[in-house]
Amino acid sequence: MEILNCLIIFYDVNDLKIGGIIISLFKRKNKNLIDEIEIYSVAEGEVISITDVKDDVFSQKMLGDGYAIKPISGEVYSPVNGTITSVFPTKHAIGIKTDNDIEILIHIGIDTVELAGKPFTVNVNEGDKITSNTHLVSVDLEELEKNEKQKDILVIITSDNYQKLEINNYGSVESKKNIGKIILN
Numbered sequence: 001m002e003i004l005n006c007l008i009i010f011y012d013v014n015d016l017k018i019g020g021i022i023i024s025l026f027k028r029k030n031k032n033l034i035d036e037i038e039i040y041s042v043a044e045g046e047v048i049s050i051t052d053v054k055d056d057v058f059s060q061k062m063l064g065d066g067y068a069i070k071p072i073s074g075e076v077y078s079p080v081n082g083t084i085t086s087v088f089p090t091k092h093a094i095g096i097k098t099d100n101d102i103e104i105l106i107h108i109g110i111d112t113v114e115l116a117g118k119p120f121t122v123n124v125n126e127g128d129k130i131t132s133n134t135h136l137v138s139v140d141l142e143e144l145e146k147n148e149k150q151k152d153i154l155v156i157i158t159s160d161n162y163q164k165l166e167i168n169n170y171g172s173v174e175s176k177k178n179i180g181k182i183i184l185n
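Residue numbers (full-length UniProt numbering): 1 to 185.
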């Protein structure tokens with residue numbers, strides 16, 4: 001927050017005019033501003049680096065930075081608080097926007113768009129307000145395996161209005177547990 005203080009002094013003694021302007025400009029950090037967003041695991045399983053995903057579009061961060069989970073459960077939760085911006089017709093992907101305008105894509109499986117929504121049950125709609133505890137989707141992991149699709153659940157930050165993503169909990173994790181944070185600009 002920037003604050004500008006300006007004090008103008010005029011003094012008139014026996015027709016001797018003295019004038020002066022005092023200006024001070026200072027910045028004060030508003031302690032109420034949020035400078036990071038906590039990010040949570042979207043499913044129970046193993047958190048891995050996005051660079052370890054076996055799909056170049058994701059592993060080379062063409063859509064943005066993020067993380068992935070090798071799920072052992074088909075229950076998928078939101079990684080952040082925000083609003084649902086899109087539910088793909090094939091139900092394999094959901095877009096979220098946080099209150100800080102960070103856009104996140106939840107992408108369930110690799111090449112699962114080809115399954116036309118069959119193994120997915122979506123529990124949210126566009127415009128829904130959500131929290132990191134919101135159950136977004138149920139996915140039949142056996143159906144993905146039967147169709148020879150990788151089960152990785154990808155969480156991608158698709159906007160560029162942040163400094164960095166810090167994941168501090170790789171490896172085995174329960175769903176809805178804090179695994180890191182997004183550092184804002």
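C-beta: ideal position from N, C-alpha, C; glycine also. These figures come from a predicted structure and were not determined experimentally.
Assigned secondary structure, residue i (DSSP; H/G/I helix, E/B strand, else coil)
| i | result |
| --- | --- |
| E174 | coil |
| K146 | helix |
| D65 | strand |
| S59 | helix |
| I8 | Low per-residue confidence applies at I8: pLDDT is 48, beneath 50, and the placement is therefore not dependable enough to give any value. |
| I50 | helix |
| T121 | strand |
| E114 | helix |
9 angstroms Cβ cutoff met for residue i and residue j
| i | j | result |
| --- | --- | --- |
| G66 | I130 | no |
| E103 | T85 | yes |
| N123 | T112 | no |
| Y77 | A116 | no |
| V155 | I110 | no |
| I48 | Y170 | yes |
| V139 | E46 | no |
Distance between residue j and residue i (C-alpha atoms, nearest Å)
| i | j | result |
| --- | --- | --- |
| D152 | L141 | 10 angstroms |
| I37 | V57 | 25 angstroms |
| K27 | K177 | Residue placement at K27 is poorly supported in this model, since its pLDDT is 40, which falls under 50; the coordinates are not used for a value here. |
| S175 | V80 | 12 angstroms |
| E148 | Q163 | 36 angstroms |
| S41 | Q150 | 18 angstroms |
| I39 | K146 | 31 angstroms |
Beta-ladder partner(s) of residue i, from DSSP
| i | result |
| --- | --- |
| A93 | H107 |
| N138 | Checking the sequence, you will find Ser at residue 138 rather than Asn. BP columns for S138 point to E75, T121. |
Contact test: residue i Cβ vs the ligand GDP heavy atom, cutoff 8 angstroms
| i | result |
| --- | --- |
| N169 | The ligand GDP is not among the ligands present in this structure, which contains no ligands whatsoever. |
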